[in-house]
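First to last, the sequence lines map onto chains R and C. Numbers in this note's numbering are just positions in the first sequence, counted from 1, shifted up by 10. Numbers in this note's numbering are just positions in the second sequence, counted from 1, shifted up by 10. Just so you know, even glycine gets a beta-carbon here, dropped at the ideal spot from N, CA and C. Since this is a predicted model, take the numbers as computed values, not measurements. Report on the structure given below.
2 protein chains.
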Amino acid sequence: MSTRQSGPGTTAQHALEGLRRAIIAGDLRPGQRVRQEEIADNLGVSVAPVREALRVLEQEGQVEYRPRRGYFITELWASDLAEIYALRQLLEERAARKALPTLDDDAIERIALAARDCAEAAERGDVAAELAANRRFHFGMLESPDQVHTMRLIRLLWDSTESYRALYYNSPEERAETVHAHDAILEAVRRRDADALVAELDAHRSRALEVLTGILDGDGER
Amino acid sequence: MSTRQSGPGTTAQHALEGLRRAIIAGDLRPGQRVRQEEIADNLGVSVAPVREALRVLEQEGQVEYRPRRGYFITELWASDLAEIYALRQLLEERAARKALPTLDDDAIERIALAARDCAEAAERGDVAAELAANRRFHFGMLESPDQVHTMRLIRLLWDSTESYRALYYNSPEERAETVHAHDAILEAVRRRDADALVAELDAHRSRALEVLTGILDGDGER
DNA sequence: CTCGTTTAGATTTTCGAAAATCGAAGCTAT
DNA sequence: ATAGCTTCGATTTTCGAAAATCTAAACGAG
């Protein structure tokens with residue numbers, strides 16, 4: 011599927027988006043080999059841009075590269091997720107405290123909108139849309155112009171766990187839970203209460219990690 | 011220069027190394043445009059592997075990409091360096107405290123060797139060799155098997171400032187200073203004194219940042 | 001003289017095919 | 001039967017050239 015035509019982005023960007031979609035959708039599963047020509051054919055492009063996209067994903071940690079052997083979707087264990095979530099805690103607390111005082115009403119409105127989008131997508135069960143809205147929600151309250159490098163690291167951590175977050179959103183219970191957590195977070199943002207915000211973010215994150223650990227230990231045991 | 015032949019690595023890796031060298035050596039300066047064909051010709055390869063290498067550097071933050079416009083060597087301001095060094099402080103303290111108890115005599119020997127290599131390179135004025143040895147020194151005491159993701163972020167931060175570190179090493183004074191700082195750090199490692207180690211690392215880092223800030227404000231002022 | 005348009009050259013981007021490499025099945029000698 | 005070697009198909013990797021796009025200079029109208 012997918013008609014090819016020179017849109018605003020380059021073909022490599024198109025390939026990157028296609029690969030991301032496939033990973034989130036579960037068409038490409040952890041551990042699986044990525045057949046370059048197959049991806050290229052599915053997207054109606056040649057292998058060159060696909061390889062460039064794979065390089066990007068490699069740097070993000072979403073695929074692993076073995077020279078002359080190809081690219082493989084990264085498999086994460088519970089211990090990996092724990093480390094990544096601990097790093098997120100460290101970096102996101104920093105970012106949140108820095109950014110919170112700089113948020114104007116406009117920014118808060120955008121965050122609230124993202125929360126609504128997120129809730130709607132959750133109800134529809136549209137995992138991809140929920141992932142996107144969830145990102146807008148969280149990054150909306152962390153982003154600040156003098157923290158670009160911090161944000162780059164945070165974005166990297168999010169990217170490398172995107173497919174596992176998709177796993178999390180497959181549970182209807184957790185989708186509902188997320189809506190509540192977002193309300194509490196948004197409330198803290200509105201009150202400009204940094205400590206409360208950090209506490210809520212930590213709780214939100216911990217919950218996700220706990221659930222994911224359960225899922226991974228349940229069926230992904232080596 | 012540079013004879014091409016199918017070595018152990020791929021051509022893309024060869025291109026990546028070539029680009030790194032050129033950046034460290036100052037052949038490619040901050041802000042400058044990267045002409046893909048020129049790079050390819052110099053390395054005796056085609057543009058495809060060069061583009062893949064550039065994608066890697068883009069993710070590392072060493073080059074910036076503007077679609078259909080090309081790749082540009084990233085320009086960092088004093089404020090960028092300050093942020094990056096603050097992040098390093100945060101992450102390296104974590105890594106050092108985790109790794110210190112796990113270092114065996116063998117590991118410490120490797121670190122000491124790296125320190126010697128570093129001092130020798132400093133004396134010779136071989137900046138590239140010093141950068142490499144310096145990296146072995148620092149990463150040798152941070153690396154630990156259950157902190158792979160932390161190390162990935164730290165490596166990223168180091169990569170993105172590699173050319174500026176090269177700038178720092180151009181000063182003979184600072185090369186000498188580094189040797190002393192490394193001695194103090196190594197001493198703390200041998201004593202297994204985590205607090206002292208962190209303090210020395212912080213001091214070492216602060217000094218570098220201070221010097222670099224001076225250099226950048228001096229001549230690179232927009 | 002200034003602003004917008006056109007054109008030409010340089011550069012990026014993508015493709016399709018050739019070359020190199022890998023992994024597994026099949027073969028042979030012991 | 002098995003260990004080691006060989007061959008074959010599948011896949012990655014690289015190349016050279018075509019297509020698309022951008023930058024800057026030349027041009028012309030107001």
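Interface partners of residue i on chain C, CB under 9 Å
i, result
"R:Gly19", "Pro77"
"R:Gly71", "His159, Arg162"
"R:Arg175", "Neighbours of R:Arg175 on chain C: none; closest Cβ ~16 Å, over 9 Å."
Selected residue, minimal CA-CA separation from residue i, among the options
i, options, result
"R:Leu167", "C:His24, C:Thr160, C:Thr20, C:Glu47", "C:Thr160"
"C:Arg215", "C:Val55, C:Ala22, C:Leu91, C:Arg45", "C:Leu91"
"C:Leu141", "C:Ala176, C:Ile33, C:Thr112", "C:Ala176"
"R:Arg126", "R:Ala139, R:Gly36, R:Asp115", "R:Ala139"
"R:Leu207", "R:Ala186, R:Leu226, R:Gln99, R:Ala124", "R:Gln99"
"R:Glu93", "C:Leu101, C:Arg78, C:Arg61", "C:Leu101"
"C:Arg39", "C:Arg162, C:Ser173, C:Arg76, C:Ala63", "C:Ser173"
"R:Gly36", "R:Pro111, R:Ala58, R:Glu85", "R:Glu85"
"R:Ala106", "R:Arg79, R:His190, R:Asp156, R:Arg65", "R:Asp156"
"R:Gln72", "R:Ala186, R:Glu119, R:Ile33", "R:Ile33"
"C:Gly41", "C:Asp205, C:Gly80, C:Leu196", "C:Gly80"
"C:Leu196", "C:Pro77, C:His148, C:Ala131", "C:His148"
"C:Arg45", "C:Ala22, C:Gly19, C:Phe82", "C:Phe82"
"C:Ala213", "C:Asn180, C:Met151, C:Tyr95, C:Pro111", "C:Tyr95"
Contact list for residue i against chain R, beta-carbon separation under 9 Å
i, result
"C:Asp90", "Val158, His159"
Residue i (DSSP reduced to helix, strand or coil)
i, result
"C:Gly80", "strand"
"C:Glu62", "helix"
"R:Arg45", "coil"
"C:Val208", "helix"
"C:Val55", "coil"
"R:Glu103", "helix"
"R:Glu74", "strand"
"R:Thr20", "coil"
"C:Pro111", "helix"
"R:Asp227", "helix"
"C:His37", "In the sequence as presented, His is not what sits at residue 37 of chain C; that position holds Asp. Looking at C:Asp37 - three-state DSSP - the assignment turns out to be coil, as it is neither helix nor strand."
"C:Asp116", "helix"
"R:Glu85", "coil"
Amino acids of chain R, ordered along the chain, whose beta-carbon sits closer than 7 Å to that of residue i
i, result
"C:Arg65", "Glu62, Arg65, Val66"
Return the residues of the segment 90-113 of chain C that lie within a Cβ-Cβ distance of less than 9 Å from chain R, sorted by chain order.
Identification of residues in the segment 90-113 of chain C having a C-beta nearer than 9 Å to some C-beta of chain R yields Asp90, Glu93, Ile94, Ala96, Leu97, Leu100, Leu101, Arg104, given in sequence order.
Taking only runs of the alpha helix (DSSP H) that begin and end inside the segment 124-160 of chain R, which ones reach a length of at least 4 residues, in chain order?
Entirely contained in the segment 124-160 of chain R, the alpha helix (DSSP H) runs reaching 4 residues are, in chain order, 137-152.
Residues of the segment 37-61 of chain R with Cβ closer than 9 Å to any Cβ of chain C, in chain order:
Cβ proximity to chain C below 9 Å picks out Ala58, Arg61 from the segment 37-61 of chain R.
Which residue spans inside the segment 168-210 of chain C form an unbroken alpha helix (DSSP H) run of at least 4?
172-179, 182-201
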